[in-house]
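Right, one structure below, let's go through it.
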Amino acid sequence: MRRTLTIVSFICLALSAWGQQYSFTFQLEGRSDTVMYIGRYHRDVLTLVDTAVRRGDSYVFKGRREWPRGVYALVGQDGKKAVSDFCVDGSLKFSISGDAKLTPGSVKVKGSKVNAEMYDYLATETAAEKEMEALKKDKDRAEKEKALIARMEAYEKRVMELKSPNVYLEIQKVCSRPEVPDSVKDKATWYRMHYWDYLFENEKLKVKSETWALLHSPQLFSKMNYFFFGVLYYAESDTIKADIDRLAARIGDDTALLRYVFDFIEPRYFRSTKNVGWDAVWCHLASEYYLKGRCPWATEGTLHNMRYNYKRIRQSLIGAHGQELWMADTNQSSDPREWISSHRFPTKYVILWFWDPDCHHCQEQSEALKVLYDSLMTAPDRRFEIYAVGFESDVEKWKRYVREHKFNWVNVGGTNVNIDYQEAYNVHGAPTMIILNERRDIIMNKVLPAKSLLQFLNEYEKRSCKL
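According to the working numbering, the sequence shown is numbered sequentially starting from 2.
Right, here's the structure in full:
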């Protein structure tokens, strides 16, 4: 008898270690997918973790495994797009039925209070959005819109104050945006400074055992994306760096959350051509966090590449001193005494223009620069010289293009050069534009349209006068 109990206990322990038994049924009217998947969120990527074959209009996921508390996605047979989200929070046996897309309002839930509350919440939100859309055609819509907004704000507050645990509503609250008090004068700064408050006020989700639920939710990705590429999109690099430091300090030793944040922003700022100063943000991440050992998940290979790229990129940051180039012009002399310097011009500014005659965008931008340059040839206030580096290994092709298009600025190219300009100015493609001031410091490292060049120089001089 004792032996039998021992065997049974062993089997129970083994099954427990293997995971709990589960059964998730999704009944989608009119859905034709042969198979459906369950996906786990991580940032904007879905990892498929389970599969079910269609039986009639139902898909039943069942078996034995661990299902950490959190938000999951029901995914169509293409394996990419989520049909609908659902929650695993408590019950591991439930059914969800509705139309082919599980549209909120069509859904019925059995066996899961959490999912019933989630779909009720989504249905109310969807109905309010439709009501707001309909009011656009109402001549007396102002008061009605105001009343609708007040009603939904009161509803949101009631839902978020529910005492019963619900992972979806917890995450929804944590990832909601702060309400700016009416008394605040600088609303934009207040909003930015308090954007993450709810994340760090929720004690339950701060517990590391609950980190999974937050990190694997679409809401956190949306919140991150809106902050860095919405709120901070036009911010100065120093502001972005300060906000990253502030967020990292609040995260503290929660390595999982810190990695989520850094894995999100690091590749998006690396060599980004979108905004001025974003390369400085990447250099800050590299030097102050990765290369100081504050990112324990980073492999030695990752750190090696970062050291290399950091060394290159920091040389071309705005504010750095531009390295002097000596290059041969179209005569291609091998005598360094006949090479031309990038720095020794009487003009106040020098535009380093790295271009390729085979590049269509380079051709367009070069023609636009030519129109501007030629129009200022006799102007007494032409403040810049263009030092155009032909980014082309076929020297004869480059020389022919320069000659045919009559580029009157300084044309240099070929292999007769004092230093590797790609290393010196982080030139990893064409076109690349670097603008140097009178001290030959870098004041711009993004390609400006020719029509914006004079405006940029004027604004730069205004800012310089204020310093």
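We put the CB at the ideal spot given by N, CA and C, even for glycine.
Euclidean distance between Cα positions of residue i and residue j
i	j	result
E339	D45	55 Å
Y261	G415	44 Å
A128	A236	36 Å
E397	R384	31 Å
H43	F271	20 Å
T300	A148	54 Å
Y291	D239	18 Å
E325	A281	21 Å
G294	L286	11 Å
L221	L258	11 Å
K209	T256	The predicted model places K209 with a pLDDT of 46, which falls under 50 and marks its position as unreliable, so this point remains unresolved.
E439	A425	19 Å
M133	E146	7 Å
I341	Q366	23 Å
S184	A151	19 Å
T190	A243	13 Å
D86	N226	19 Å
P182	K275	33 Å
Q364	K224	40 Å
C284	I245	13 Å
R41	Y73	5 Å
L449	R269	21 Å
H195	E130	27 Å
F263	T331	46 Å
Y192	M445	30 Å
M161	P179	14 Å
E462	K186	31 Å
T52	L216	22 Å
S335	H344	20 Å
S218	E157	20 Å
C-beta contact flag for residue i and residue j at 7 Å
i	j	result
A389	N412	yes
V76	Y38	yes
S98	Q28	yes
R65	G112	no
V108	Y122	no
V232	N167	no
L454	V351	no
A249	W356	no
A117	V110	yes
R55	A214	no
T35	V61	no
I252	F229	no
K63	S96	no
I435	L353	yes
A369	A451	yes
E386	T348	yes
Own chain partners of residue i with C-beta closer than 6 Å, once the 5 adjacent residues on each side are dropped
i	result
V277	K447
N427	R313, I314 and S317
I8	The predicted position of I8 is uncertain, since its pLDDT is 47 and thus under 50; no value can be drawn from it.
G106	A124
D442	H322
G391	W399 and G414
D359	none
D79	none
W327	W340, S342 and N419
W279	Y270 and S273
Beta-bridge partners of residue i, as assigned by DSSP
i	result
R56	S59
T256	None; T256 has no bridge partner.
N412	A389
M445	I436
K109	S98
H406	Per DSSP, none; premise fails for H406.
R65	Q22
M37	A53
Q78	Bridge partners of Q78: none, in fact.
F87	Y73
L29	G99
V46	H43
W418	Looking at the sequence shown, residue 418 is not Trp but Val. M328, per the DSSP bridge assignment.
Cβ-based neighbour list, residue i, same chain, cut-off 8 Å, excluding 5 preceding and 5 following
i	result
D375	N409
E460	none
L492	In this structure the chain extends from 2 to 468, so residue 492 is not present and cannot be described.
H429	R272 and Q423
W298	T256 and R260
H1	The question about residue 1 has no answer here: the residues shown for the chain are numbered 2 through 468.
Contact set for residue i: own chain, Cβ-Cβ below 7 Å, skip 5 residues either direction
i	result
S465	none
L163	L170
W68	Y23, V89 and L93
### Query
Which runs of the beta strand (DSSP E) fall wholly inside the stretch 290 to 347 and span at least 3 residues, in chain order?
327 to 330, all fully within the stretch 290 to 347.
### Task
Jot down the residue ranges of each uninterrupted alpha helix (DSSP H) in the stretch 145 to 212, minimum 4 residues, whole runs only, in chain order.
The stretch 145 to 212 is shown to contain whole alpha helix (DSSP H) runs of 4 or more residues at 168 to 175, 188 to 194, 198 to 202 and 204 to 207, in chain order.
### Secondary structure, alpha helix (DSSP H): runs of 4+ residues fully inside the stretch 345 to 383
The DSSP assignment places 361 to 376 as complete runs of the alpha helix (DSSP H) inside the stretch 345 to 383, in order along the chain (cut-off: 4 residues).
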